[in-house]
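Following: one structure in structure tokens, then a few remarks.
Number of protein chains: 2
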Amino acid sequence: MKERQTRQLLAVYDVVSVARDHPSAEEVYRRVRRRFPRVSLGTVYRNLQKLAAQRRVRVVQLADRAACYDGMVEDHNHFLCERCGAVTDLVRREAAPPDCRTLERAGYVIGAHTLTIYGLCPKCRPRSVGGAGKAAERCRL
Amino acid sequence: MKERQTRQLLAVYDVVSVARDHPSAEEVYRRVRRRFPRVSLGTVYRNLQKLAAQRRVRVVQLADRAACYDGMVEDHNHFLCERCGAVTDLVRREAAPPDCRTLERAGYVIGAHTLTIYGLCPKCRPRSVGGAGKAAERCRL
DNA sequence: CTTTCTGCAAACTCTTTGCACTCGT
DNA sequence: ACGAGTGCAAAGAGTTTGCAGAAAG
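Protein chains in written order, with the working numbering: chain C, 1 to 141; chain W, 142 to 282.
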């Protein structure tokens, strides 16, 4: 039950937290292997999952591509370049809504965007006190 | 080169545009098969892709799960219940920033949220006039 | 020493694709 | 009749998992 500090876990964490380029699991594997040539991809996946569960790394799942990992654990958004595939961290300023103007001024061309909120729906919330009864399939936000 | 209106394409579109529950490709397949028992999963995938390219359906890619399809093509956000997995469309009111209060009032428990913007980074934009030169790896937004 | 973790390889899920045939146009 | 689209089945990418042995505490 107790978590062990294996070299592999430390190496995986190190690679992700140092990386600024949102590496995929495969890429993390490649980098970890530079230090531990005998590490296995399965171990890298297991450790990435463990770190994500502890919120020590962040999983970034973008349209159809493989998941990539981000050492930036603070709350922030992402910009995905549809040509080169680069992922840019968009650090949020306070609670201000994202301002596309700022991005455009920095040279980005803005296309679509997706916001997903995770949580519990009214049906699933712990004690449904005050819950609005029927869960709406669509909701004005 | 010309697009054909096959029964399968029409059926796939029909299933997705009528559905309010964000079905996965597998689920769309199941439903299309009720009308065309000989349809293949490959065809469903091909037609979903075609429809998505034409913006007649929307692909919703949520953390690790299989992609699901949304007949709602207007710009909107999503709420994913982490317990039951239900996806709720969050219809946006004008350009107003998403207001979590409204959701909470409706009985939702808000957890994390992810905003991803798609587009072109400064390096990849067509004619890099006025581009800020080096692309930032992180950006204040 | 005990228990968790690892390496390996096989399995699994989701999605794409090659091919011969079908069916819209 | 032409060629885009189909069904089928196999391949592919990404990720997970069972197991025997390694190593952290």
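Glycine included, C-beta positions come from ideal geometry on N, C-alpha and C.
Just so we're clear, the structure is a prediction, and the values are computed from it rather than from any experiment.
*With respect to the alpha helix (DSSP H) encompassing C241 of chain W, which residues constitute its N-terminal and C-terminal limits?*
C241 to R246
*Tell me the DSSP bridge mates of G260 of chain W?*
C:C81 and C:I110
*So, T116 of chain C versus N218 of chain W, is the Cβ gap smaller than 9 Å?*
yes
*List the residues of chain W that A112 of chain C touches, going by C-beta distances under 7 Å, in chain order.*
Y259
*Please compile the residues from chain C whose C-beta is within a distance smaller than 7 Å of the C-beta of V250 of chain W.*
G119, L120 and R125
*asked:* Is L48 of chain C close to chain W? Criterion is C-beta to C-beta, closer than 9 Å.
replied: no
_Does chain C have any CB closer than 9 Å to the CB of V198 of chain W?_
no
*Would you say Y29 of chain C and V57 of chain C are within 9 Å of each other, going by their C-beta atoms?*
no
_Would you say Q54 of chain C lies against chain W (beta-carbon separation less than 9 Å)?_
no
*Would you report the Cα separation of V157 of chain W and R246 of chain W, rounded to the nearest angstrom?*
29 Å
*Going by other Cβ atoms of all chains shown within 10 Å of its Cβ, with 16 needed for buried, is D211 of chain W buried or exposed?*
buried
_Using a Cβ-Cβ distance cut-off of 9 Å, determine whether V157 of chain W contacts chain C._
no
*Name the chain W residues whose beta carbon is nearer than 9 Å to that of P64 of chain C?*
Checking the displayed sequence, the identity of residue 64 of chain C turns out to be Asp instead of Pro. Ordered by position in chain W, the residues that pass the 9 Å Cβ test against D64 of chain C are V200, Q202 and A208.
*Look up L203 of chain W in the DSSP assignment and say whether it is helix, strand or coil.*
coil
_Residues of the region 68 to 94 of chain C with Cβ closer than 7 Å to any Cβ of chain W, in chain order_ = N77, H78, F79, L80, C81, E82, R83, C84, A86, T88, D89, L90, V91, R92 and R93
*Residue-level contact to chain C via CB, R182 of chain W, 9 Å cutoff*: For the record, residue 182 of chain W in the displayed sequence is Leu; it is not Arg. No, no contact with chain C.
*Could you spell out where the alpha helix (DSSP H) holding T184 of chain W opens and where it closes?*
L182 to A194
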